[in-house]
Amino acid sequence: MAEGYEQHQRAIVKRLKDRGRYDYGTMHKIIDDTPVLHVSFPPDSDDEFSAMLPMLGCTGSFNPNETPKEQPYVSPGSFPEEDSTPEEDLTSGPRDIYLHGHAASRLFKRPEDERIPVTIAATTMQGIVLSLTPFHNSCNYASAVVMGYASVVTSESERLYALTRITDNLVTGRWDRSRNPPTKAEMTSTGVLRVEVVSASAKVRVGGPSDDRKDLKNEDVVGNVWTGFVPTYTFYGEPVPSSYNKVESVPQYMRSWIENENRKGEQAAADAIAQAKK
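For the sequence shown, my numbering begins at 21 and goes up steadily by one.
Written as structure tokens, this is what we have:
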């Protein structure tokens, strides 16, 4: 079994256990493939409902001794570019999750030394699976639920690391190809949280429709109800310039990123469908 996160009772997949995943690689890939994460945390009042916010985030392992390499566009925290650098190893061990938001939001108003219990959810979908009966319709998906403690990051070097990662998780290479360094006002108004993962689990569904034997033997049903897949993935379209854009053509790093992401999404959907033939 691949090394992974603790299988605590709160995080164990109980229904359809064979779909459960706990290894580092699966967990980290789902988190990084889902830029907008849903973060739940205790309310700061007598409200009976827990609070939840959609937040930009991704995984990371901050090394305070890391220095920029003597190459362009490789700030600490940058994601590797697929056309020039091997893909980052997400399987090597546990990682933190970094989140960012406005410094005035409730999460960042907590005391700096407070560790806030949070639950983070992320889901990607690779296709809709249509069966003979609505009760067997499903989706091919990969979901992750993470429990951990969030702390406000105060170190400027770690904040820059986290913000670089979160930016490059949206568009690879974007941080170093933007106006830099950040202004004092930008850094003051932006908060960063580091989440130390305590327990986590993923659930992955691949393959085709599954129907009752009785329905499969009924020619009237099989002959009149279409069954199969609708591949699903995020598709990035042609970039649209802003009203004040003066750069004549879309930069090649953006073109490469769009092509890579669309290719990966299409392949992931195809791979999930291919499992039906095994």
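We put the beta carbon where it would ideally sit given N, CA and C, even for glycine.
Q) First and last residue of the beta strand (DSSP E) that includes Asn300? A) Look at the range of the chain in this structure, 21 to 298, and you will see that residue 300 is not part of it.
**Q.** Validate contact between the stretch 165-174 and the stretch 200-215 using beta carbons, cut 8 Å, 3 pairs
**A.** Contact holds between the stretch 165-174 and the stretch 200-215, because three or more Cβ pairs, one in each stretch, are under 8 Å apart.
Q: Have a look at Ala71 and Asp52 and give me their C-alpha separation to the nearest angstrom.
A: Within the sequence shown, numbered from 1, the residue matching residue 71 stands at position 51. Within the sequence shown, numbered from 1, the residue matching residue 52 stands at position 32. One C-alpha to the other measures close to 23 Å.
Q: Apply the 10 Å Cβ neighbour rule to Gly80 and answer buried if 16 or more other Cβ atoms are within range, or exposed otherwise.
A: For this step, residue 80 is matched to residue 60 along the sequence shown. Buried, by the Cβ-count rule.
**Q.** Reduced DSSP secondary structure (H/G/I, E/B, other) of Leu36
**A.** On the sequence shown, position 16 is the one that residue 36 refers to. Three-state DSSP puts Leu36 in coil, outside helix and strand.
Q.
Using CA atoms only, rank isn't needed, just tell me which of Leu36, Thr144, Asp67 and Met75 is closest to Glu286.
A. As a first step, residue 286 is located in the sequence shown; it is residue number 266 there, counting from the start. It is Thr144 whose Cα lies nearest to the Cα of Glu286.
Q: Going by CA-CA distance only, name the one from Thr54, Gly257 and Ala22 that's closest to Asn189.
A: Reading the sequence shown from its first residue, position 169 is the one you call residue 189. When each option's Cα is compared against that of Asn189, the closest is Thr54.
Q | Helix, strand or coil at Leu213 according to DSSP, with G and I counted as helix | A | Within the sequence shown, the letter at position 193 stands for residue 213. In the three-state reduction of the DSSP assignment, Leu213 falls in the strand class.
Q.
Can you give me the C-alpha to C-alpha distance between Phe69 and Phe61, rounded to a whole angstrom?
A. Against the sequence shown, residue 69 aligns to sequence position 49. Against the sequence shown, residue 61 aligns to sequence position 41. Each residue's Cα considered, the two are about 10 Å apart.
Q. Which residue comes first and which comes last in the alpha helix (DSSP H) that contains Asp240?
A. For this step, residue 240 is matched to residue 220 along the sequence shown. Note, Asp240: alpha helix (DSSP H), Glu239 to Asn244.
Q | Reference Leu152; option with closest CA among His48, Gln295 and Asn244 | A | Within the sequence shown, residue 152 is the residue found at index 132, counting from 1. Answer by Cα proximity: Asn244.
Q.
I need the straight-line Cα distance from Glu12 to Ser125, nearest angstrom please.
A. The requested residue 12 does not occur in the structure, where the chain is confined to residues 21 to 298.
Q.
Quick check: what's the CA-CA separation for Phe255 versus Val33?
A. What you label residue 255 is simply residue 235 of the sequence shown in a count that begins at 1. What you label residue 33 is simply residue 13 of the sequence shown in a count that begins at 1. So the alpha carbons of these two residues sit roughly 30 Å apart.
Q) Taking the continuous beta strand (DSSP E) assigned at Ala142, which residues delimit it? A) For the purposes of this step, residue 142 is taken as the residue at position 122 of the sequence shown. Run containing Ala142: Ile136 to Leu150, per the beta strand (DSSP E) assignment.
Q. Buried or exposed: Gln295, going by 16 or more other Cβ atoms within 10 Å of its Cβ?
A. Along the sequence shown, one-based indexing puts residue 295 at 275. The Cβ neighbour count for Gln295, taken over all protein chains shown within 10 Å, is under 16; the residue is labelled exposed.
**Q.** Three-way DSSP call (helix, strand, coil) for Ser266 in this model
**A.** On the sequence shown, residue 266 is found 246 positions in, with the first residue counted as 1. Looking at the sequence itself, residue 266 is Lys, so the reference to Ser does not match. Coil at Lys266, not helix or strand.
Q) When the Cα of Glu26 is compared with those of Pro74, Phe128 and Ser219, which residue comes out closest? A) Reading the sequence shown from its first residue, position 6 is the one you call residue 26. Here the closest residue by C-alpha is Ser219.
Q. How many angstroms separate the CA atom of Pro84 from the CA atom of Ser175?
A. Position 64 of the sequence shown holds residue 84. Position 155 of the sequence shown holds residue 175. Roughly 10 Å separates the two Cα atoms.
Q. According to DSSP, which residues form a beta bridge with Val56?
A. Position 36 of the sequence shown holds residue 56. In the DSSP assignment, Val56 forms a beta bridge with Leu76.
Q: For the beta strand (DSSP E) holding Leu183, just list the boundary residues, first then last.
A: Residue mapping note: residue 183 aligns to position 163 of the sequence shown, counting from 1. It is not in any beta strand (DSSP E) - Leu183 instead sits in the alpha helix (DSSP H) that spans Glu176 to Leu190.
Q: Please work out which residues of its chain come closer than 8 Å, Cβ to Cβ, to Asp240, disregarding the five sequence neighbours upstream and downstream, and give them in chain order.
A: The residue given as residue 240 occupies position 220 in the sequence shown. Nothing meets the Cβ criterion.
Q. Exposed or buried, which one is Leu236 when buried takes at least 16 other CB atoms within 10 Å?
A. By one-based count along the sequence shown, residue 236 stands at place 216. It is exposed - the Cβ of Leu236 has fewer than 16 other Cβ atoms within 10 Å.
Q | Selection from Phe128, Gly113 and Ala289 that minimises the alpha carbon distance to Arg225 | A | By one-based count along the sequence shown, residue 225 stands at place 205. Closest option to Arg225, Cα to Cα, is Ala289.
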